[in-house]
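Below is one structure, written out as structure tokens, with a few remarks after it.
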Amino acid sequence: MLEVYGEKFTNRLLLGSAQYPSPAILSESIKQSQSQIVTVSLRRESGGDLAGQAFWQIIQDLKLKVLPNTAGCYTVKEAVTTAHMAREVFNTDWIKLEVIGEEDTLQPNVFELVEAAKVLVEDGFKVFPYTTDDLIVADKLLQTGCEVLMPWGAPIGSGRGLNNPYALKTMRSHFPDTPLIVDAGIGVPSHAAQAMEMGFDAVLLNTAVAGAGDPVAMAKAFNLAIEAGLLAYEADPIDARDMAEPSTPMMGKAFLS
Amino acid sequence: MKIYLNGVETTVDHTKLEAVLIQLGYQEVTIATAINGDFVPLSLRKNTQINEGDKLEVLAPMQGG
Chain A
1 MLEVYGEKFT
11 NRLLLGSAQY
21 PSPAILSESI
31 KQSQSQIVTV
41 SLRRESGGDL
51 AGQAFWQIIQ
61 DLKLKVLPNT
71 AGCYTVKEAV
81 TTAHMAREVF
91 NTDWIKLEVI
101 GEEDTLQPNV
111 FELVEAAKVL
121 VEDGFKVFPY
131 TTDDLIVADK
141 LLQTGCEVLM
151 PWGAPIGSGR
161 GLNNPYALKT
171 MRSHFPDTPL
181 IVDAGIGVPS
191 HAAQAMEMGF
201 DAVLLNTAVA
211 GAGDPVAMAK
221 AFNLAIEAGL
231 LAYEADPIDA
241 RDMAEPSTPM
251 MGKAFLS
Chain B
1001 MKIYLNGVET
1011 TVDHTKLEAV
1021 LIQLGYQEVT
1031 IATAINGDFV
1041 PLSLRKNTQI
1051 NEGDKLEVLA
1061 PMQGG
């Protein structure tokens, strides 16, 4: 059971709602993923077409937990204002806090991130910080009152998988009791399974499903992979070895040479 | 009076935010507002003053990752 900010979820896939070929495919992909938490955002609304209203109805109809983000924010001020606007629109104090540092990698600006987290926690938000795998930053975020951390697997939308498994493994070991969700950079289900096998609590992704040739099938594949990864972690995998070790017992082997 | 609605110069007839939003087509919709970068909650829209040249941002739910 995934538990964050006192709420429990049986599914460990958090799915983004962007970039799907159609609203129908978005809706069906989310259903097939069995995700219980969906990320959303805020953008400028025209009084002429009111495009955001139709999207919001689709999400509401799914009756899932909504996690708004502050995507595209580069400063504390932008992120905090966006979070306040999201809280009013989505009627939730959950916020996926993104404070981006530069455009090529969309790497979090961890200095601004910690500052924004501090402000938002004091304002009563339940903050889900999108961060790097830096342990000191992680510790600072926890000190502000964040109860969950979301380290990147790889740059957003890159599909590279877990760029630095060593750092993520270290992070898992260093914060054994903190919910850790690998967020961003996932490309294929095996990447998600790998994160779960390492003991991460959940995986958040978007492009890998929405950008697939068949998003609905890929959503299902990710759900299965995450479930498999979790089962494997709980089953206590063997340690890797450099050399072979026979699995078939040698005792009783015939001499035939 | 000219203001900037989501970055676009726009002429409005009213000076209170709620009235401006109605004039611009935002009636009974799920939106959040900010003026000059500061969040204006729903409860304050009725009495919040809009001035010439203000930057009004009107945001709504959108797809996000």
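If you read the protein sequences in the order shown, they are chains A and B. Heads up, the first sequence is in our numbering, so the first residue is 1 and it goes up one at a time. Heads up, the second sequence is in our numbering, so the first residue is 1001 and it goes up one at a time. C-beta atoms are modelled at their ideal positions from N, C-alpha and C, and glycine is treated no differently.
- Here phenylalanine 90 of chain A is near proline 68 of chain A, since their CB atoms are less than 8 Å apart.
- Below 8 Å, enough C-beta pairs join the region 1001-1016 of chain B and the region 1044-1055 of chain B to call them touching: three or more.
- If the five residues before and after serine 27 of chain A are omitted, its C-beta is found closer than 8 Å to the C-beta atoms of Ile58, Asp61 and Leu62, all from its own chain and listed in chain order.
- Not flagged as an interface residue toward chain B: asparagine 11 of chain A, since no C-beta distance is shorter than 8 Å.
- Neighbours of glycine 1053 of chain B in chain A, taken as residues at a C-beta separation under 8 Å, are lacking, since the least C-beta distance is about 19 Å.
- Any Cβ of chain B closer than 8 Å to the Cβ of glutamate 45 of chain A would place that residue at the interface, and such an atom is present.
- Of the residues assessed, glutamine 1027 of chain B falls on the exposed side of the cut-off, its CB having fewer than 16 other CB atoms within 10 angstroms.
- Taking each of A:Phe111, A:Gly185 and A:Cys73 in turn and checking the Cα distance to tryptophan 152 of chain A, the smallest one comes out for A:Gly185.
- Across the region 53-64 of chain A, CB contacts with chain B closer than 8 Å involve Gln53, Phe55, Trp56 and Ile59, in sequence order along the chain.
- Exposure of asparagine 1036 of chain B is indicated by the presence of fewer than 16 other C-beta atoms within 10 angstroms of its C-beta.
- Around the CB of glycine 6 of chain A, fewer than 16 other CB atoms lie within 10 Å, so the residue is classed as exposed.
- For the pair of segments examined, the region 1053-1060 of chain B was found not to touch the region 12-27 of chain A: the number of CB pairs separated by less than 8 Å stays below three.
- Residue contact check for alanine 117 of chain A against chain B: no CB pair falls below 8 Å.
- About 19 Å separates the Cβ atoms of leucine 141 of chain A and alanine 195 of chain A, ruling out a contact at the 8 Å cut-off.
- Contact between alanine 192 of chain A and leucine 180 of chain A fails: their C-beta atoms lie close to 14 Å from each other, not under 8 Å.
- For a cut-off of 8 Å, the C-beta gap from glycine 47 of chain A to leucine 1024 of chain B is around 4 Å, short enough to register as a contact.
- Following the DSSP letters along the chain, one finds arginine 44 of chain A inside the beta strand (DSSP E) bounded by residues 37-44.
- According to the DSSP secondary-structure assignment, alanine 208 of chain A is paired through a beta bridge with no residue.
- Between lysine 126 of chain A and threonine 144 of chain A, the CB-CB gap reaches or exceeds 8 Å.
- In this structure, leucine 113 of chain A sits away from threonine 82 of chain A, with a CB-CB distance that is not shorter than 8 Å.
- At the C-beta level, valine 203 of chain A and alanine 219 of chain A stay beyond 8 Å of one another.
- Approximately 3 Å separates the beta-carbon atoms of alanine 1060 of chain B and glutamate 45 of chain A; this is inside 8 Å, confirming the contact.
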